[in-house]
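Q:
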Amino acid sequence: MPSLALPERPRRNLVIVRAGDYSLHPQWVADPQRNFDLLVSYYGAVEGLHEDSCDLYERRRGPKWPCLGELLGGHPPLAERYDAVWLPDDDLAVDTATITRMFDLFHAHRLALAQPALTRESYFTFDTLLQQEGFLLRYMGFVEVMAPIFSRDALRLCQESFHHSRIGWGLDFVWPGLIDNTDRRRIAVLDATPVWHTRPVRGGDLYKNHPDADPQEDERRVLAKYGREASRFYAKYQFFGGVREVRPPWGQRLALALRALNAKRRWRRRRRQLLERGIVTSRSGETTGTV
Numbered sequence: 031m032p033s034l035a036l037p038e039r040p041r042r043n044l045v046i047v048r049a050g051d052y053s054l055h056p057q058w059v060a061d062p063q064r065n066f067d068l069l070v071s072y073y074g075a076v077e078g079l080h081e082d083s084c085d086l087y088e089r090r091r092g093p094k095w096p097c098l099g100e101l102l103g104g105h106p107p108l109a110e111r112y113d114a115v116w117l118p119d120d121d122l123a124v125d126t127a128t129i130t131r132m133f134d135l136f137h138a139h140r141l142a143l144a145q146p147a148l149t150r151e152s153y154f155t156f157d158t159l160l161q162q163e164g165f166l167l168r169y170m171g172f173v174e175v176m177a178p179i180f181s182r183d184a185l186r187l188c189q190e191s192f193h194h195s196r197i198g199w200g201l202d203f204v205w206p207g208l209i210d211n212t213d214r215r216r217i218a219v220l221d222a223t224p225v226w227h228t229r230p231v232r233g234g235d236l237y238k239n240h241p242d243a244d245p246q247e248d249e250r251r252v253l254a255k256y257g258r259e260a261s262r263f264y265a266k267y268q269f270f271g272g273v274r275e276v277r278p279p280w281g282q283r284l285a286l287a288l289r290a291l292n293a294k295r296r297w298r299r300r301r302r303q304l305l306e307r308g309i310v311t312s313r314s315g316e317t318t319g320t321v
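According to the working numbering, the sequence shown is numbered sequentially starting from 31.
1. Please state whether the Cβ-Cβ distance between P118 and F192 is less than 8 Å.
2. What is the C-beta distance between V219 and Q268, in whole angstroms, given that I count them as a contact (C-beta under 8 Å)?
3. Where DSSP assigns a beta bridge to F66, which residues make up the other side?
4. Rounded to whole angstroms, what's the CA-CA distance from V231 to D121? Just pull it up for me.
5. Tell me the rounded alpha-carbon separation between A287 and R296.
6. Look up P37 in the DSSP assignment and say whether it is helix, strand or coil.
7. Under 8 Å by Cβ, that's how I've got Q189 and L68 pegged, so tell me the actual separation to the nearest angstrom.
8. Please state whether DSSP places R298 in a helix, a strand or coil.
9. At what residues does the beta strand (DSSP E) containing M170 begin and finish?
10. Hey, would you say G198 sits closer than 8 Å to Y256, going by beta carbons?
11. Taking V252 and V204 to be in contact with their CB atoms under 8 Å, please state how far apart those CB atoms are, rounded to whole angstroms.
12. Under 8 Å Cβ to Cβ from L129, same chain only, skipping five residues before and after it: list those, please.
13. Between the segment 86-100 and the segment 147-161, do three or more beta carbon pairs fall short of 8 Å?
14. Out of A260, M176 and Q246, point me to the one whose CA is closest to W226's CA.
15. Assuming L2 and P93 form a contact by the criterion Cβ under 8 Å, report the distance between their Cβ atoms to the nearest whole angstrom.
16. Helix, strand or coil for E306 per DSSP?
17. In whole angstroms, give me the CA-to-CA distance for R111 and R289.
18. Does E151 come out as helix, strand or coil in the three-state DSSP assignment?
19. Taking only three categories from DSSP, how would you classify V76?
20. Quick one: what's got a C-beta closer than 7 Å to Y169's C-beta in the same chain, skipping five residues either side?
21. Using 8 Å as the threshold, is the C-beta distance between F180 and A114 below it?
22. Going by the CB atoms, is the gap between G50 and G78 shorter than 8 Å?
23. Tell me the rounded alpha-carbon separation between R283 and K294.
24. Locate the beta strand (DSSP E) running through A114, then write down its first and last residues.
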C-alpha cells in the first residue's frame, strides 16, 4: 500500500489529486514512462479505493483547497522535494504523455504558475482558458483553480492561501499577486497540452458534499484579505503574448520526409553490405568486427 513516505527515487514533478469514487486519474498514469509521481488524496468512503493506482496515497475528508493546505503543511517534503506540483480536479481527462509534456513545457519556459488549456469540448467558465490553435502557450494574468501548476517557489508563496477559501473561489485571482510576474512571462496557459473537463461547472462532488458552502462569500472574503478585489474584473482577460507553434510549409515538410526516406534506404543498403561481410549481427546490429 502506498504511503506518504516519498518513493525511493522520486520523479521530478508531483501531481496531487483530491479524488472521489469516479476520479479519472487512473488514465493519467496508464503509461509508466512519465516524469511525475501521483499522490491520491481520497475523500470518499470506500475502503482501499484507488490505493493501487498511485505512488502515494491518503484518505482525507473535506473540501479540496483547505485539505490540500493541510496535506502540504503536514508533509513539507511534498513541496520541497519536487520542482513542480500540479493540483488538478479529478474530472479531467488526459493521458500520461500529455501530462509529461505539460511539465516539460512548464520547466522549459521557466514558469511559476500555469495551467493546461481546456479542450474546446470542455465544460468551462472562462473562454480565455480554452485551447487556442497555433499556440504552444499564452502568457496570461490568471489561471483557474481547476488545474493549477506551481513551481516549488510559487507553491511556497501561495500555499497559505489554500486555507482561506473553502470552495476555492477567489484563490485564482489571489495567486498572480503573490508571485513575481514583473516580466509578464511567469504565468501561462499551456495550449500544447490541453485537458478535457468532463463534468459541468459546479456539478461535481465539491458542491454536492458541501451544500452549505457559499462560494461567493468565499471569494469576497479571500479577495479582501489579499487586497485583490479589482483583479476579479480584469485578470482573466490579461494576455501578454505567447509562444506560437511554428510548422514548416508543406513543401518543406515533404522534402524533409523524402530525404529521411532516402536516408533510411541508404542505411538498409549499407547494413546489408555489413551483414554480408560479417561486420554486424543480423539480430542486434551490434558491431562484431571493423569496418
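Glycine included, each C-beta is placed from N, C-alpha and C at the ideal position.
A: So, from the listed chains and residues:
1. If you number the sequence shown from 1, residue 118 lands on position 88. If you number the sequence shown from 1, residue 192 lands on position 162. Not in contact: P118 and F192 (Cβ atoms no closer than 8 Å).
2. To locate residue 219, count along the sequence shown from 1; it is residue 189. To locate residue 268, count along the sequence shown from 1; it is residue 238. Rounded, the Cβ-Cβ distance is 11 Å, inconsistent with contact.
3. By one-based count along the sequence shown, residue 66 stands at place 36. F66 pairs with N43.
4. By one-based count along the sequence shown, residue 231 stands at place 201. By one-based count along the sequence shown, residue 121 stands at place 91. Approximately 11 Å, taken between the alpha carbons.
5. The residue you call residue 287 lines up with position 257 of the sequence shown. The residue you call residue 296 lines up with position 266 of the sequence shown. Using only the alpha carbons, I get a separation of about 14 Å.
6. As a position in the sequence shown, residue 37 is number 7, starting the count at 1. Residue state, collapsed to three classes: coil.
7. For this step, residue 189 is matched to residue 159 along the sequence shown. For this step, residue 68 is matched to residue 38 along the sequence shown. In fact, because the Cβ distance is near 19 Å, the residues do not count as touching under 8 Å.
8. Working through the sequence shown from its first residue, we reach residue 298 at position 268. Helix.
9. The residue given as residue 170 occupies position 140 in the sequence shown. Where M170 is concerned, the enclosing beta strand (DSSP E) stretches over F165 to M170.
10. On the sequence shown, residue 198 is found 168 positions in, with the first residue counted as 1. On the sequence shown, residue 256 is found 226 positions in, with the first residue counted as 1. Taking 8 Å as the Cβ cut-off, G198 and Y256 do not qualify as a contacting pair.
11. Stepping through the sequence shown from its first residue, residue 252 is reached at position 222. Stepping through the sequence shown from its first residue, residue 204 is reached at position 174. Between V204 and V252 the Cβ distance is about 6 Å, and since that is below 8 Å, they are a contact.
12. As a working mapping, residue 129 is identified with position 99 in the sequence shown. The sequence given here places Ile at residue 129; Leu does not occur at that position. Result list for I129: V45, W58, R64, F66, W116 and T223, in chain order.
13. no
14. On the sequence shown, residue 226 is found 196 positions in, with the first residue counted as 1. With distances taken between Cα atoms, W226 lies closest to M176.
15. Outside the displayed span of the chain (31 to 321) sits residue 2, for which this structure offers no information.
16. Position 276 of the sequence shown holds residue 306. E306 falls in the helix class under three-state DSSP.
17. Stepping through the sequence shown from its first residue, residue 111 is reached at position 81. Stepping through the sequence shown from its first residue, residue 289 is reached at position 259. For R111 and R289, the distance between alpha carbons rounds to 45 Å.
18. Working through the sequence shown from its first residue, we reach residue 151 at position 121. In this structure, E151 counts as coil in the three-state DSSP scheme.
19. Here residue 76 corresponds to residue number 46 of the sequence shown, with the count starting at 1. If DSSP states are grouped into helix, strand and coil, V76 belongs with coil.
20. Here residue 169 corresponds to residue number 139 of the sequence shown, with the count starting at 1. The residues are R214, R215, I217, A218, F270, G271 and G272.
21. Within the sequence shown, residue 180 is the residue found at index 150, counting from 1. Within the sequence shown, residue 114 is the residue found at index 84, counting from 1. Against a cut-off of 8 Å, the Cβ pair of A114 and F180 comes out as a contact.
22. Locating residue 78 in the sequence shown gives position 48, where the first residue counts as 1. Locating residue 50 in the sequence shown gives position 20, where the first residue counts as 1. Contact flag unset, no.
23. Stepping through the sequence shown from its first residue, residue 283 is reached at position 253. Stepping through the sequence shown from its first residue, residue 294 is reached at position 264. The straight-line gap from Cα to Cα measures roughly 17 Å.
24. Reading the sequence shown from its first residue, position 84 is the one you call residue 114. A114 to W116 is the span of the beta strand (DSSP E), which, as asked, contains A114.
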